[in-house]
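First up is the structure itself, then whatever we jot down about it.
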Amino acid sequence: MALGQLVAISVATNLFFLTILLKDNQKRTRRSTTIAPPTLWVSVLVALLAVGISPYTDATTFLPNLLVMHFFVFLPLLPVGYNTRSMFAIRTKTLYLLAATVAVGLRLRTTYAAAISLPAREQSVLGFLSAALATLHAHPAQSSIGWDVIWTTISLLLWLAFAPPTATPSSARRTKPPRSTLLMSAITSLLFSVGIGAPLAFHQDVDDSTLTKAQVS
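First residue of the sequence shown? That's 753 in our numbering, and the numbers climb one at a time after it.
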């Protein structure tokens with residue numbers, strides 16, 4: 753999250769993947785793999801909400817909304833409020849699914865808005881793809897963001913294809929998510945958004961077997 757404030761998201765994503773490769777999976781703690789405290793899941797949802805209202809901001813509200821978005825993305829890194837025993841804590845898998853669900857809503861809304869903005873004669877799949885390609889190179893800032901998304905998607909697809917199996921905290925046996933799950937995540941990322949495919953992929957790598965009855969409730 754912090755790297756994403758300093759470099760392109762695609763660069764930060766690949767540095768994250770590199771960290772996972774270099775980190776000893778046996779040293780992962782139960783707390784970090786199974787439970788998302790309120791500080792984390794509220795921050796993620798508020799940041800996604802800020803993303804959702806970005807198209808409706810103006811010259812006065814754009815910067816405050818951007819600052820709110822970045823602040824809440826950074827907030828979980830602070831050593832305060834990280835209480836995994838809170839009654840409001842949720843499963844990490846649940847957080848991944850919530851993020852994917854919100855991302856689906858945002859993607860459908862923006863895709864629909866973009867499609868109906870096209871002239872009637874261009875409202876087809878080919879017309880939509882042509883307009884998207886033209887928009888990608890319409891402005892340097894748009895091109896920078898657009899290609900960042902493309903490279904992030906490619907990075908995720910390579911990770912899904914070649915990432916080594918991981919060991920869960922409750923078992924030394926190294927496993928990989930089912931091929932069907934990896935395929936679904938890959939197709940979702942290509943057809944819709946890496947913001948949907950990534951949560952669907954990573955939520956399969958969370959070990960819930962170490963949850964206590966108190967944490968589950």
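Don't be surprised by glycine CBs; every beta carbon is placed ideally from N, CA and C.
Closer than 6 Å: residue i CB and nearest the ligand ATP heavy atom
| i | result |
| --- | --- |
| L850 | Ligands are entirely absent from the displayed structure, and the ligand ATP is therefore not among its contents. |
Three-way DSSP call (helix, strand, coil) for residue i in this model
| i | result |
| --- | --- |
| R843 | strand |
| R782 | Since pLDDT at R782 reaches only 44, below the 50 mark, its modelled position is unreliable, and the value read off the structure follows with that caveat. In this structure, R782 counts as helix in the three-state DSSP scheme. |
| A851 | helix |
| A730 | Since the displayed the chain opens at 753 and closes at 969, residue 730 lies outside it and no answer follows. |
| D768 | What sits at residue 768 in the sequence shown is Phe, not Asp. The answer is helix: DSSP assigns F768 an H, G or I state. |
| H891 | coil |
| A915 | coil |
| L952 | helix |
Short Cβ contact (7 Å threshold) for residue i with residue j
| i | j | result |
| --- | --- | --- |
| I761 | T904 | yes |
| A799 | I948 | no |
| P816 | T791 | no |
| L952 | A883 | no |
| A872 | L909 | no |
| F824 | S795 | yes |
| T765 | T844 | no |
| R859 | F944 | yes |
| L870 | G879 | yes |
| W793 | I842 | yes |
| A788 | L847 | yes |
| H889 | S896 | no |
Residue i at chain B interface by Cβ criterion, 7 Å
| i | result |
| --- | --- |
| M839 | Structure shown: chain B not included; a single protein chain is present. |
Nearest candidate by alpha-carbon position, reference residue i, set the options
| i | options | result |
| --- | --- | --- |
| W911 | V759, L758 and F768 | F768 |
| T862 | L830, I805 and A893 | I805 |
| L758 | E874, H822 and L797 | H822 |
| V803 | L934, V820 and L773 | V820 |
| V946 | T809, A890, I906 and A865 | I906 |
| T771 | A915, L934, P807 and S876 | A915 |
| L850 | A913, P807, K775 and L797 | L797 |
| I902 | T813, A811, V832 and L942 | L942 |
| V763 | W899, L935 and L934 | W899 |
Residues that DSSP places opposite residue i in a beta bridge
| i | result |
| --- | --- |
| I902 | Beta-bridge pairing links I902 to no other residue. |
| I787 | R843 |
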